[in-house]
Amino acid sequence: MAPEEEIINLIRSELQGNALEYNAPRPRRVSVHVRPGAHREAILTLLQSLEFTMISTITGIDLEEAVELNYHFWCGKAEVTIRTRVPKPALEIETITDIVLGAALYEREVFDLLGVKFLGHPDLERLILPESWPKGQYPLRKDWTPNLSDKFRSLRKKPVRARTTQNKTNGGSVVNVVLGPQHPALHEPERFLFKLDGEVVVDVEPRLGYAHRGIEKAAEQLMFFQDVHLVGRVCGICNVAHTTCFCQAVESVGDIEVPPRARYLRTIVHELNRIHSHLLLLGITGLEVGFESLFQYLWRDREIVLDLMEKLTGNRVMAEFNTIGGVRRDLPVSLANETKKGMSTLKDRMNFYGKVFNDDPTFGLRTKEIGILKLPEASKLSVVGPVARASGVEVDVRKHDPYAAYDEIPFDEIIYKEGDSWARLMVRLDEVAESIDIITYAVDNLPSGPYRVRVPRRMPEGEALSRIEAPRGELVHYVKSNGTAYPERVKIRSPTLANIISFRQMIRGCYIADIPAVLVSLDPCFSCTDRMAFIDVNSGQRWVWSMNDIKAKSRLEEP
Amino acid sequence: MNFDTSFFLRILVFPGFLFLLFLALFCDWFERKIMARMQNRMGPSYTGPLGILQPLADYIKLLTKEDITPAHAERPLFVLTPIVSFSLFMLSIFYFPIDGANVFSNGGFEGDLLFVLALVTFAHFTLFLSGWSSSNPYSGIGAVRILTQFIGYDIPLMILAVAPALIAGSLSLAKIASTQIVPYALLIPWVFVPFMLVLQAELEEDPFDIPNAETEIVAGYGTEFSGRKFAFISLSKDVQIVFGAVLTVCLFFGGPYGPIMFGSPNIWFIIWFILKVLVVIVILEFVEAVCARLRIDHIVRANWRFMAPIAVLSFALTVLYSPLGRSLMEVFR
Numbered sequence: 062m063a064p065e066e067e068i069i070n071l072i073r074s075e076l077q078g079n080a081l082e083y084n085a086p087r088p089r090r091v092s093v094h095v096r097p098g099a100h101r102e103a104i105l106t107l108l109q110s111l112e113f114t115m116i117s118t119i120t121g122i123d124l125e126e127a128v129e130l131n132y133h134f135w136c137g138k139a140e141v142t143i144r145t146r147v148p149k150p151a152l153e154i155e156t157i158t159d160i161v162l163g164a165a166l167y168e169r170e171v172f173d174l175l176g177v178k179f180l181g182h183p184d185l186e187r188l189i190l191p192e193s194w195p196k197g198q199y200p201l202r203k204d205w206t207p208n209l210s211d212k213f214r215s216l217r218k219k220p221v222r223a224r225t226t227q228n229k230t231n232g233g234s235v236v237n238v239v240l241g242p243q244h245p246a247l248h249e250p251e252r253f254l255f256k257l258d259g260e261v262v263v264d265v266e267p268r269l270g271y272a273h274r275g276i277e278k279a280a281e282q283l284m285f286f287q288d289v290h291l292v293g294r295v296c297g298i299c300n301v302a303h304t305t306c307f308c309q310a311v312e313s314v315g316d317i318e319v320p321p322r323a324r325y326l327r328t329i330v331h332e333l334n335r336i337h338s339h340l341l342l343l344g345i346t347g348l349e350v351g352f353e354s355l356f357q358y359l360w361r362d363r364e365i366v367l368d369l370m371e372k373l374t375g376n377r378v379m380a381e382f383n384t385i386g387g388v389r390r391d392l393p394v395s396l397a398n399e400t401k402k403g404m405s406t407l408k409d410r411m412n413f414y415g416k417v418f419n420d421d422p423t424f425g426l427r428t429k430e431i432g433i434l435k436l437p438e439a440s441k442l443s444v445v446g447p448v449a450r451a452s453g454v455e456v457d458v459r460k461h462d463p464y465a466a467y468d469e470i471p472f473d474e475i476i477y478k479e480g481d482s483w484a485r486l487m488v489r490l491d492e493v494a495e496s497i498d499i500i501t502y503a504v505d506n507l508p509s510g511p512y513r514v515r516v517p518r519r520m521p522e523g524e525a526l527s528r529i530e531a532p533r534g535e536l537v538h539y540v541k542s543n544g545t546a547y548p549e550r551v552k553i554r555s556p557t558l559a560n561i562i563s564f565r566q567m568i569r570g571c572y573i574a575d576i577p578a579v580l581v582s583l584d585p586c587f588s589c590t591d592r593m594a595f596i597d598v599n600s601g602q603r604w605v606w607s608m609n610d611i612k613a614k615s616r617l618e619e620p
Numbered sequence: 065m066n067f068d069t070s071f072f073l074r075i076l077v078f079p080g081f082l083f084l085l086f087l088a089l090f091c092d093w094f095e096r097k098i099m100a101r102m103q104n105r106m107g108p109s110y111t112g113p114l115g116i117l118q119p120l121a122d123y124i125k126l127l128t129k130e131d132i133t134p135a136h137a138e139r140p141l142f143v144l145t146p147i148v149s150f151s152l153f154m155l156s157i158f159y160f161p162i163d164g165a166n167v168f169s170n171g172g173f174e175g176d177l178l179f180v181l182a183l184v185t186f187a188h189f190t191l192f193l194s195g196w197s198s199s200n201p202y203s204g205i206g207a208v209r210i211l212t213q214f215i216g217y218d219i220p221l222m223i224l225a226v227a228p229a230l231i232a233g234s235l236s237l238a239k240i241a242s243t244q245i246v247p248y249a250l251l252i253p254w255v256f257v258p259f260m261l262v263l264q265a266e267l268e269e270d271p272f273d274i275p276n277a278e279t280e281i282v283a284g285y286g287t288e289f290s291g292r293k294f295a296f297i298s299l300s301k302d303v304q305i306v307f308g309a310v311l312t313v314c315l316f317f318g319g320p321y322g323p324i325m326f327g328s329p330n331i332w333f334i335i336w337f338i339l340k341v342l343v344v345i346v347i348l349e350f351v352e353a354v355c356a357r358l359r360i361d362h363i364v365r366a367n368w369r370f371m372a373p374i375a376v377l378s379f380a381l382t383v384l385y386s387p388l389g390r391s392l393m394e395v396f397r
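Chains as they are written, first to last, in the numbering used here: chain Y, 62 to 620; chain A, 65 to 397.
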């Protein structure tokens with residue numbers, strides 16, 4: 062029996078009449094519509110019967126008379142969507158944070174942007190919008206438009222100071238140190254409040270939201286083909302990942318068959334993008350631990366990839382290569398040879414860096430046994446990507462939920478068991494080597510034929526969820542179409558939102574000097590994480606991701 | 065001592081203040097350039113030939129910048145410490161035999177080695193005060209790190225610095241320099257190697273640049289300084305590096321005396337002196353280029369577990385070895 066059917070049968074037998082509708086529209090995608098209130102039962106069934114279940118995200122969609130909630134779970138073999146409707150105007154539903162720890166932030170996101178109240182949530186506060194945001198304004202509702210400038214003018218006038226939880230000092234030795242929004246160790250604006258006892262970190266309070274641009278709302282105002290370029294702007298570094306993911310979701314909605322050559326070309330650019338992102342991160346790690354030579358060397362070798370990107374796509378970083386129905390440029394033979402040459406040079410260099418990362422004593426002192434996240438915590442917190450793989454969780458989307466050409470290309474999933482900063486860096490280092498092999502294989506076995514198909518602007522009614530392995534981990538795009546050229550809803554869950562929660566777990570008990578080294582090993586990308594809110598934020602706007610939230614997530618460590 | 069014009073010229077121009085100031089700027093440029101080359105970069109290249117005027121341009125720019133004193137800072141200390149630390153480092157170099165004699169145009173006095181080391185310890189303390197008086201958390205952490213690091217490393221530095229004096233039979237810098245027929249770096253390498261490591265820590269160079277680790281605590285004790293005060297803080301860092309190099313040259317490389325000397329010895333003194341300073345800087349920078357920054361607990365542990373015992377051991381070895389060492393040197397005379 063196919064895994065999709067198995068899951069459907071499982072839920073059907075458990076829920077009986079509470080499940081209204083089932084379908085498995087595509088391979089490895091299952092959606093189950095349940096009666097309001099039965100969602101907990103359905104999720105519990107998944108958690109208890111399937112051994113590997115982590116939450117991807119929660120998507121809220123405003124339907125005139127109700128808000129539809131889609132709980133997306135990755136269950137090892139398929140992505141299961143539990144769908145339920147919360148009727149207006151009460152908009153209340155039971156929380157699932159007590160059974161799925163990782164849902165705390167996603168529920169707050171829905172609360173903030175759509176006004177759904179989750180009963181029993183330990184700390185249902187604003188996550189994304191500023192604290193001074195007017196009450197009752199929910200930007201992702203359909204009747205809300207951004208032309209409410211009068212209401213928001215007041216926002217700009219009175220900046221709200223960041224809420225700082227009072228020091229629970231033990232004899233006055235704990236000092237608050239704010240790191241960010243501007244700090245040499247942070248390459249994007251974000252704020253961390255560290256509580257330090259001497260040189261030791263007692264606790265940390267991160268605050269998101271300094272790079273909000275409201276891309277999800279903006280995506281609803283643009284046509285599908287325009288949105289491709291919009292989602293590329295979610296994050297400059299992993300722009301190829303975002304566009305690939307979005308295009309795949311739209312292609313699933315429109316039942317568009319992408320030519321094989323395009324699938325391979327997508328894979329090549331996606332892997333080039335991964336190499337560029339990983340080398341960038343590894344270089345920054347060198348900078349953070351005070352190893353400047355490593356940083357300079359890695360970034361010099363990263364130029365190989367950027368040059369290839371430029372020749373293939375026309376841009377060094379913002380590739381703009383993917384489009385709905387294929388890719389926008391072809392790979393000529395001369396460039397194919399050049400790519401192979403560049404890859405073999407890079408491979409030699411990676412062997413050298415492998416030696417440095419393995420053998421350099423000062424580097425080892427700074428990364429080994431530091432910022433530890435063990436397997437049980439990692440899977441409970443639903444972390445993704447290299448962070449999860451460094452703790453031994455097998456979550457490579459390319460392997461378990463293949464897309465583009467990954468089902469035809471041989472490659473290994475890199476798994477480390479240590480769970481420390483060093484393992485997280487080594488996963489990336491080995492992945493670069495793996496990506497080099499993937500690119501070489503893809504260039505060698507590039508199928509002939511067209512590299513794009515023309516698609517209509519209008520997409521048929523439908524919905525699709527696309528997952529890909531971005532450089533930082535699992536990236537989820539959910540696209541719903543209402544039969545026009547404009548999407549009804551675009552939902553983006555970037556990998557950093559899933560990963561940042563584990564930072565508190567890692568950093569407590571470490572030294573100040575470890576903060577940048579551990580933070581960078583997460584490869585945090587805040588512009589990805591902060592894409593959802595809609596407001597012209599001036600620097601005075603701040604909001605809080607409170608302790609309770611993280612506590613809810615970290616409950617597992619208390620005995 | 066005669067207080068005539070030449071005396072003041074020596075102090076203010078050559079080989080005193082101006083000469084050392086430009087030497088510090090030159091060393092700053094040299095350091096940046098070779099560091100850049102080691103890291104596959106260009107380094108300074110626009111201002112002047114090969115960018116040699118870059119450090120000077122930087123300081124001139126800093127002098128024109130707005131000078132801010134934070135409202136919560138301890139004002140007198142905050143204003144004074146940059147100047148004081150700069151002067152102390154400068155003054156301590158004055159006692160070295162730069163052109164055969166020291167800046168005060170005499171052969172120094174017995175024990176000026178210890179006096180110089182004491183001056184530098186005081187200078188480090190003013191750096192701590194500068195961070196402490198800024199009342200900024202980053203500065204505070206940087207200041208505490210300075211104290212932790214320097215209190216630890218001053219002890220092995222003093223022990224190791226006195227070891228050459230044992231062989232020379234004098235605590236005078238001029239005598240230590242002039243008695244080296246064979247550089248002590250070759251004669252007593254077991255003192256020289258740990259000395260270089262400890263010096264790296266004293267100069268806050270990688271892997272010991274912990275008090276001003278920029279990705280952790282911004283600029284450490286210097287975070288709140290701007291404009292002129294910052295210019296003096298970073299100038300005193302430059303002079304500090306020159307001091308470290310000069311100390312090494314004097315104790316282990318035979319000071320200004322070189323194998324080739326004809327004609328006027330004064331010119332050769334300067335040439336050899338600068339060359340040796342640059343060699344020491346190359347060594348320091350090389351170590352910096354191949355190391356990651358350590359953590360404060362690492363270096364405290366490394367200090368008390370390794371450096372301090374090694375310093376004592378190599379000192380003891382030198383005590384036993386000094387008669388043999390002296391007779392070895394006689395062979396080369």
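For every residue, glycine included, the Cβ atom is placed at its ideal position computed from N, Cα and C. All values derive from a computational prediction rather than experimental measurement.
request  = Could you tell me the distance, in whole angstroms, from the CA atom of glycine 453 of chain Y to the CA atom of isoleucine 433 of chain Y?
outcome  = Residue numbering aside, residue 453 of chain Y sits at position 392 when the first sequence is read from its first letter. Residue numbering aside, residue 433 of chain Y sits at position 372 when the first sequence is read from its first letter. If I take the Cα positions, the gap works out to 12 Å.
task = Tell me whether the beta-carbon of threonine 106 of chain Y lies closer than 8 Å to the beta-carbon of leucine 526 of chain Y.
result = Here residue 106 of chain Y is taken as the residue at index 45 of the first sequence, counted from 1. Here residue 526 of chain Y is taken as the residue at index 465 of the first sequence, counted from 1. No.
request  = Output, in sequence order along the chain, the residues in the region 339-351 of chain Y whose CB is closer than 8 Å to any CB in chain A.
outcome  = Gly347, Leu348, Glu349, Val350, Gly351
ask   = Going along the chain, which unbroken runs of the alpha helix (DSSP H) with 4 or more residues stay wholly within the region 273-312 of chain A?
value = 278-281
query = Going along chain Y in order, which residues have a C-beta closer than 9 Å to the C-beta of alanine 380 of chain A?
reply = Reading the second sequence from its first residue, position 316 is the one you call residue 380 of chain A. The contacting residues do not exist; alanine 380 of chain A stays about 28 Å from chain Y at best.
inquiry  = Checking 8 Å against the spacing of the C-beta atoms, do glycine 446 of chain Y and glutamate 535 of chain Y come in under that value?
reply    = Stepping through the first sequence from its first residue, residue 446 of chain Y is reached at position 385. Stepping through the first sequence from its first residue, residue 535 of chain Y is reached at position 474. A contact, by the Cβ cut-off of 8 Å.
query = Between which two residues does the alpha helix (DSSP H) harbouring tryptophan 196 of chain A extend?
reply = By 1-based counting over the second sequence, the position of residue 196 of chain A is 132. Its alpha helix (DSSP H) spans residues 176-197.
query = Do glutamate 349 of chain Y and isoleucine 499 of chain Y have their CB atoms nearer than 8 Å?
reply = Taking the first sequence and counting its residues from 1, one reaches residue 349 of chain Y at position 288. Taking the first sequence and counting its residues from 1, one reaches residue 499 of chain Y at position 438. The answer is no: Cβ separation not under 8 Å.
Coil, strand or helix - aspartate 92 of chain A by DSSP = On the second sequence, residue 92 of chain A is found 28 positions in, with the first residue counted as 1. Helix, per DSSP.
key: Positions along the region 87-115 of chain A whose CB lies within less than 9 Å of some CB in chain Y   = Met99, Ala100, Met102, Gln103, Asn104, Arg105
message = By DSSP's criteria, proline 64 of chain Y is part of a beta bridge. Which residues make up the other side?
response = Here residue 64 of chain Y is taken as the residue at index 3 of the first sequence, counted from 1. Paired residues: none, contrary to the question.
request  = State yes or no: is the beta carbon of phenylalanine 564 of chain Y nearer than 8 Å to at least one beta carbon in chain A?
outcome  = Residue numbering aside, residue 564 of chain Y sits at position 503 when the first sequence is read from its first letter. For phenylalanine 564 of chain Y, the answer is no, since every Cβ of chain A falls outside 8 Å of its Cβ.
ask   = What three-state label does DSSP hand alanine 380 of chain A in the structure shown?
value = Counting from one through the second sequence, the residue named residue 380 of chain A turns up at place 316. If DSSP states are grouped into helix, strand and coil, alanine 380 of chain A belongs with the helices.
Simplified DSSP state of proline 220 of chain A, which is helix, strand or coil = Translated into the one-based positions of the second sequence, residue 220 of chain A becomes position 156. Reduced to three states, the DSSP call for proline 220 of chain A is helix.
key: Test: threonine 69 of chain A CB closer than 8 Å to a CB of chain Y   = Along the second sequence, read from residue 1 onward, the residue named residue 69 of chain A stands at position 5. No, threonine 69 of chain A does not count as interfacial toward chain Y.
ask   = Under 8 Å Cβ-Cβ, which residues of chain Y neighbour alanine 353 of chain A?
value = Working through the second sequence from its first residue, we reach residue 353 of chain A at position 289. In chain order: Glu353, Ser354.
request  = Sort out for me which residues DSSP pairs glutamate 155 of chain Y with in a bridge.
outcome  = Translated into the one-based positions of the first sequence, residue 155 of chain Y becomes position 94. Note: glutamate 155 of chain Y sits in a beta bridge opposite Y:Leu180.
query = Of all the options A:His136, A:Val346, A:Leu224, which has the alpha carbon lying nearest to the alpha carbon of isoleucine 98 of chain A?
reply = Reading the second sequence from its first residue, position 34 is the one you call residue 98 of chain A. Residue A:Val346 is the option with its Cα nearest to isoleucine 98 of chain A.
request  = Could you tell me which chain A residues have their CB closer than 9 Å to the CB of alanine 484 of chain Y, listed as they occur along the chain?
outcome  = Along the first sequence, read from residue 1 onward, the residue named residue 484 of chain Y stands at position 423. Going along chain A, no residue has its Cβ under 9 Å from alanine 484 of chain Y, so there is no contact; the nearest lies around 17 Å.
ask   = Can we say the region 369-379 of chain A touches the region 115-131 of chain A, given the rule of at least three CB pairs closer than 8 Å?
value = no
message = Quick check on the DSSP output: the beta strand (DSSP E) that includes glutamate 82 of chain Y runs from which residue to which?
response = Within the first sequence, residue 82 of chain Y is the residue found at index 21, counting from 1. Counting along the chain, the beta strand (DSSP E) containing glutamate 82 of chain Y begins and ends at 80-87.
Span separating the alpha-carbon of valine 255 of chain A from that of phenylalanine 72 of chain A = Taking the first residue of the second sequence as 1, we reach residue 255 of chain A at position 191. Taking the first residue of the second sequence as 1, we reach residue 72 of chain A at position 8. Spanning the two alpha carbons is a distance of roughly 37 Å.
task = Please report the residue range of the beta strand (DSSP E) in which valine 551 of chain Y lies.
result = Residue 551 of chain Y sits at position 490 when you count from the first residue of the first sequence. First-last of the beta strand (DSSP E) with valine 551 of chain Y: 548-554.
Closest residue to glutamate 318 of chain Y among Y:Gly387, Y:Ala272, Y:Arg89 (Cα-Cα distance) = Here residue 318 of chain Y corresponds to residue number 257 of the first sequence, with the count starting at 1. For glutamate 318 of chain Y, the nearest C-alpha among the options comes from Y:Gly387.
message = Please report the straight-line C-alpha distance between methionine 379 of chain Y and lysine 401 of chain Y, rounded to a whole angstrom.
response = Position 318 of the first sequence, counting from 1, holds the residue named residue 379 of chain Y. Position 340 of the first sequence, counting from 1, holds the residue named residue 401 of chain Y. Cα-Cα distance, rounded: 22 Å.
key: Beta carbon of valine 458 of chain Y nearer than 8 Å to that of arginine 528 of chain Y   = Reading the first sequence from its first residue, position 397 is the one you call residue 458 of chain Y. Reading the first sequence from its first residue, position 467 is the one you call residue 528 of chain Y. In contact: valine 458 of chain Y and arginine 528 of chain Y (Cβ atoms closer than 8 Å).
Distance cut-off 7 Å: tyrosine 199 of chain Y Cβ against heavy atoms of the ligand NAP = The ligand NAP is not part of the structure shown, which contains no ligands of any sort.
query = Quick one: is arginine 357 of chain A near chain Y, going by C-beta distance under 8 Å?
reply = One-based indexing of the second sequence puts residue 357 of chain A at position 293. Yes - at least one Cβ of chain Y is within 8 Å of the one on arginine 357 of chain A.
task = Could you list the residues in the region 423-440 of chain Y with a C-beta less than 8 Å from some C-beta on chain A, going in chain order?
result = Thr423, Phe424, Leu426, Arg427
ask   = Which of the three DSSP states, helix, strand or coil, is assigned to tryptophan 135 of chain Y?
value = Locating residue 135 of chain Y in the first sequence gives position 74, counting from the first residue. Looking at tryptophan 135 of chain Y - three-state DSSP - the assignment turns out to be strand.
task = Tell me, please, whether the region 128-145 of chain A touches the region 306-319 of chain A by the rule of three or more beta-carbon pairs shorter than 8 Å.
result = no
task = Flag this pair as yes or no: are the beta carbons of leucine 166 of chain Y and proline 200 of chain Y separated by less than 8 Å?
result = Residue 166 of chain Y sits at position 105 when you count from the first residue of the first sequence. Residue 200 of chain Y sits at position 139 when you count from the first residue of the first sequence. No, Cβ-Cβ distance for leucine 166 of chain Y and proline 200 of chain Y is not below 8 Å.
task = Pick out the complete beta strand (DSSP E) segments inside the region 298-335 of chain Y, 3 residues or longer, and give them in chain order.
result = none
Buried or exposed by the 16-neighbour rule on C-beta atoms within 10 Å, applied to leucine 76 of chain A = Position 12 of the second sequence, counted from the first residue, corresponds to residue 76 of chain A. So leucine 76 of chain A counts as exposed.
inquiry  = Comparing C-alpha positions only, which one of Y:Phe472, Y:Asp362, Y:Gly347 sits nearest to serine 582 of chain Y?
reply    = Within the first sequence, numbered from 1, the residue matching residue 582 of chain Y stands at position 521. Answer by Cα proximity: Y:Gly347.
query = When the Cα atoms are used, what is the spatial distance from isoleucine 561 of chain Y to valine 366 of chain Y?
reply = As a working note, residue 561 of chain Y is residue 500 in the first sequence. As a working note, residue 366 of chain Y is residue 305 in the first sequence. Computed Cα separation, rounded: 28 Å.
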